[in-house]
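Enquirer:
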Amino acid sequence: MFYNTFHKLGRTLRRSTCNQSGQALLELSVFGTLIILLIGVLVTYGLRYNYQQQASIEAFRVAQEAAQRLDGDGLPMGSSSVTIIRDRHIPDPSNPFGVGSLTPIMASASVTRDTRIDATADDYESLPKMTLRFGLAGSVREEEFATAGIREETVSVNRAEFENFQTKYRYIYGSVDFDPDKWPLVMLSTFPIKVRIIDSVEGEIVDYSSAIRQARLLVDRDFFIQQCRRRSSLEEQANCGAISAIAIPMPWYVQGCYHNGSPYSLPSSFAGLNQAGDTWDFLEIERLFIHPDISGTTRNVEGMGLQPKITQVTEKDFKLHKVEDSESITTTDNVAWSTVTSRAIMYNDKLNRNTGKKIRDRRLRTIDIDTERSDETESAWSTKHGD
Amino acid sequence: MGIKLKIRRKAKAQASLETTLALICVMILLVAVLKLFFWLTESMIVRQKDFESSRVSAGSIPAGGTGAYIDESDYLQLDILGENN
Chain A
1 MFYNTFHKLG RTLRRSTCNQ SGQALLELSV FGTLIILLIG VLVTYGLRYN YQQQASIEAF
61 RVAQEAAQRL DGDGLPMGSS SVTIIRDRHI PDPSNPFGVG SLTPIMASAS VTRDTRIDAT
121 ADDYESLPKM TLRFGLAGSV REEEFATAGI REETVSVNRA EFENFQTKYR YIYGSVDFDP
181 DKWPLVMLST FPIKVRIIDS VEGEIVDYSS AIRQARLLVD RDFFIQQCRR RSSLEEQANC
241 GAISAIAIPM PWYVQGCYHN GSPYSLPSSF AGLNQAGDTW DFLEIERLFI HPDISGTTRN
301 VEGMGLQPKI TQVTEKDFKL HKVEDSESIT TTDNVAWSTV TSRAIMYNDK LNRNTGKKIR
361 DRRLRTIDID TERSDETESA WSTKHGD
Chain B
1001 MGIKLKIRRK AKAQASLETT LALICVMILL VAVLKLFFWL TESMIVRQKD FESSRVSAGS
1061 IPAGGTGAYI DESDYLQLDI LGENN
């Protein structure tokens, strides 16, 4: 009887105290790890949002300053677009010492001054530009590209259709200037007029879908009427057909096009084809996005501007220095790392950097941007014999 | 009865000890979180306030002049473990 009692007591004691201490320690280790992980995540998110806000604010202020820069005529530029890219050192829970962990922080801003909203560029300096800025204060690299080019053409226009003529140009190209010096003193029924176009397809950085859309507006009357009705009031929509019938000169990038799979020869002045469901292919625009490869072949490029591919190469150097003598052991731990982030910008080197007009149809070029961040940490500790 | 009381006392003592250890760790982590939130408040909210208060002066800069960048040299630095770390 006594044996049974003590045996049961021993089992009860062991079960109750052992289970309770084991359980509490286990919970402490699991939740402690989770809480430390949570702290790491909070630090990462906090740093990222802080740097993102800093970059957004700075991008806007840089764009604001750039819009106030003076052009060749001594007038404010009026508009600018700035993108800031920085590689920031943000440790994360999986890499607590933050060796080589760089996160790209990007922010963009565009500013247009109201007083210059109707201004038309007349040289390279006054063209709308995209600025890409890399790095932190002290090692900033800036690259600037024109997002449109200047093209001039002389057109013979019917006086009765002059208003529709101007509307068609503005619907297709946006920013257009009609040279008033060429307006005749005698009111002829047909007269020549010089047109200066700020054409986005003539820029150093061209957006593929915008270029295709603009080309379609030039040659496809159905498409032009559809777009004209979308942006017009109900009263103006009735005039879209008359506007689309105006013949205007065809630029180089719609020449050599294909209509429904067959080559189509465009006249020098064209109002567009009025066929429902037709398809157009513009080979000159496709050729803008072909880049010569290192091996001598050519390859298609997805888009111009900052390329999506980023390469990061991290070099780490760990050193452990240990000195042991009769009294103590001293250990020094040194971690040095550097990360080089490589990016590329593709642009069409085709504009004269003074006049803003094209000097060649295409020359796709790449600029390589390398930014480097490095850091070094050293820790030392000493242990005396007998400690 | 005496044996059951002994078991309960051992269990309470174990739980109290571990609760103390856990609270020490939790307090350290809580202090770290509070320092992080104070830094975030100082950086993000004060920066936004400075940005909005300097909006008129930045937009009124003369043509060709420099912009009104926000000076962050006086902002609180993130320092969880102490000044020497």
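Respectively, the protein sequence lines represent chains A and B. Position one of the first sequence corresponds to residue 1 (this note's numbering), numbered consecutively onward. Position one of the second sequence corresponds to residue 1001 (this note's numbering), numbered consecutively onward. All C-beta atoms in this analysis are idealised placements derived from N, C-alpha and C, irrespective of residue type, glycine included.
Does the distance from the CB of residue 251 (chain A) to the CB of residue 269 (chain A) come in under 8 Å?
Expert: Cβ distance not < 8 Å, so residue 251 (chain A) and residue 269 (chain A) don't count as in contact.
Enquirer: Can the beta-carbon of residue 352 (chain A) be found closer than 8 Å to that of residue 359 (chain A)?
Expert: For residue 352 (chain A) and residue 359 (chain A), yes; Cβs fall inside 8 Å.
Enquirer: Do residue 107 (chain A) and residue 52 (chain A) have their beta-carbon atoms positioned less than 8 Å apart in this structure?
Expert: Their beta carbons are under 8 Å apart, which means residue 52 (chain A) touches residue 107 (chain A) by this criterion.
Enquirer: Report yes or no: is there a C-beta of chain B within less than 8 Å of the C-beta of residue 372 (chain A)?
Expert: Output row for residue 372 (chain A): interface = no.
Enquirer: For the beta strand (DSSP E) holding residue 307 (chain A), just list the boundary residues, first then last.
Expert: Looking at the DSSP string, residue 307 (chain A) is not in any beta strand (DSSP E), and its letter there is neither H nor E.
Enquirer: According to DSSP, simplified to helix, strand and coil, what is residue 110 (chain A)?
Expert: Here residue 110 (chain A) sits in strand by DSSP.
Enquirer: Could you compute how far the alpha carbon of residue 36 (chain A) sits from the alpha carbon of residue 25 (chain A)?
Expert: So the alpha carbons of these two residues sit roughly 16 Å apart.
Enquirer: Please name the residue in A:340, A:323, A:256 whose C-alpha comes closest to that of residue 316 (chain A).
Expert: The option with the nearest alpha carbon to residue 316 (chain A) is A:340.
Enquirer: Under a three-way DSSP split, which group does residue 75 (chain A) fall into?
Expert: Reduced to three states, the DSSP call for residue 75 (chain A) is coil.
Enquirer: Quick one: residues in its chain with C-beta nearer than 8 Å to the C-beta of residue 102 (chain A), no 5 flanking neighbours on either side, listed in chain order?
Expert: Contacts found: 87, 88, 89, 90, 312, 339, 341, 373.
Enquirer: Please list, in chain order, the residues of the segment 118-131 of chain A that have any C-beta partner in chain B closer than 8 Å.
Expert: Answer in chain order: no residues at all.
Enquirer: For residue 250 (chain A), name the three-state secondary structure that DSSP assigns.
Expert: Note: residue 250 (chain A) maps to coil in three-state DSSP.
Enquirer: Taking its Cβ as the centre, do 16 or more other Cβ atoms sit within 10 Å of residue 83 (chain A), making it buried, or is it exposed?
Expert: Residue 83 (chain A) is buried by the Cβ-count criterion.
Enquirer: Taking the C-alpha atoms as reference points, what is the distance between residue 362 (chain A) and residue 276 (chain A)?
Expert: Cα to Cα, the separation comes out at about 32 Å.
Enquirer: For the segment 159-177 of chain A against the segment 368-382 of chain A, are there 3 or more C-beta pairs whose distance is under 8 Å?
Expert: The segment 159-177 of chain A vs the segment 368-382 of chain A: no contact.
Enquirer: Excluding five sequence neighbours on each side, which residues of the same chain lie with their C-beta closer than 8 Å to the C-beta of residue 55 (chain A)?
Expert: Taken in chain order, the residues that qualify are 84, 86, 105, 106, 107.
Enquirer: Out of curiosity, what's the CA-to-CA distance linking residue 364 (chain A) and residue 344 (chain A)?
Expert: One C-alpha to the other measures close to 12 Å.
Enquirer: Assuming contact is defined by CB atoms lying nearer than 8 Å, are residue 145 (chain A) and residue 65 (chain A) in contact in what I supplied?
Expert: Result no, Cβ atoms of residue 145 (chain A) and residue 65 (chain A) do not sit closer than 8 Å.
Enquirer: Within its chain, find whatever has a CB closer than 6 Å to the CB of residue 329 (chain A); leave out the 5 residues flanking it on each side and keep chain order.
Expert: Correct list, in chain order: 383.
Enquirer: Taking 8 Å as the threshold (C-beta atoms), are residue 124 (chain A) and residue 305 (chain A) in contact?
Expert: Cβ atoms of residue 305 (chain A) and residue 124 (chain A): not closer than 8 Å.
Enquirer: With H, G and I counted as helix, E and B as strand and the rest as coil, what does DSSP make of residue 1041 (chain B)?
Expert: Note: residue 1041 (chain B) maps to helix in three-state DSSP.
Enquirer: Between the segment 24-36 of chain A and chain B, which residues of the former have CB atoms less than 9 Å from a CB of the latter, in chain order?
Expert: Listed in sequence order: 24, 25, 27, 28, 31, 32, 35, 36.
Enquirer: Can you check DSSP and say which residues form a bridge with residue 131 (chain A)?
Expert: A:82, A:144.
Enquirer: Since residue 196 (chain A) and residue 120 (chain A) should fall inside the 8 Å C-beta cutoff, what is the C-beta to C-beta distance between them, to a whole number of angstroms?
Expert: Between residue 120 (chain A) and residue 196 (chain A) the Cβ distance is about 6 Å, and since that is below 8 Å, they are a contact.
Enquirer: List the residues of chain B whose Cβ lies closer than 7 Å to the Cβ of residue 46 (chain A), in chain order.
Expert: Those are 1036, 1040, listed as they occur along chain B.
Enquirer: Counting only beta-carbon atoms, is residue 1070 (chain B) nearer than 8 Å to chain A?
Expert: Cβ-Cβ to chain A under 8 Å: yes for residue 1070 (chain B).
Enquirer: Kindly identify the DSSP beta-bridge partner or partners of residue 178 (chain A).
Expert: Partner(s): A:195.
Enquirer: Please classify residue 117 (chain A) as buried or exposed, where buried requires at least 16 neighbouring CB atoms within 10 angstroms.
Expert: Result: exposed.
Enquirer: Within a Cβ cutoff of 6 Å, which residues of the same chain sit near residue 369 (chain A), ignoring the five residues on either side of it in sequence?
Expert: Within the same chain, residue 369 (chain A) has close Cβ partners 134, 343.
Enquirer: Can you give me the C-alpha to C-alpha distance between residue 258 (chain A) and residue 280 (chain A), rounded to a whole angstrom?
Expert: Their Cα atoms are separated by approximately 6 Å.
Enquirer: Does chain B have any CB closer than 8 Å to the CB of residue 58 (chain A)?
Expert: Taking Cβ atoms only, chain B reaches closer than 8 Å to residue 58 (chain A), which makes this a yes.
Enquirer: Does the Cβ of residue 323 (chain A) have 16 or more other Cβ atoms within 10 Å, making it buried, or fewer, making it exposed?
Expert: Exposed: under 16 other Cβ atoms inside 10 Å.
Enquirer: Is there at least one Cβ from chain A nearer than 8 Å to residue 1024 (chain B)'s Cβ?
Expert: No - not a single Cβ of chain A is within 8 Å of the one on residue 1024 (chain B).
Enquirer: Could you tell me which residues DSSP puts in a beta bridge with residue 367 (chain A)?
Expert: DSSP output for residue 367 (chain A) lists A:345 as bridge partner(s).
Enquirer: Cutting at 8 Å between CB atoms, please list the residues of its own chain near residue 192 (chain A), excluding the five before and the five after it.
Expert: Around residue 192 (chain A): 154, 155, 156, 157, 182.
Enquirer: Hey, how far is the Cα of residue 286 (chain A) from the Cα of residue 44 (chain A)?
Expert: Distance between the alpha carbons of residue 286 (chain A) and residue 44 (chain A) is about 43 Å.
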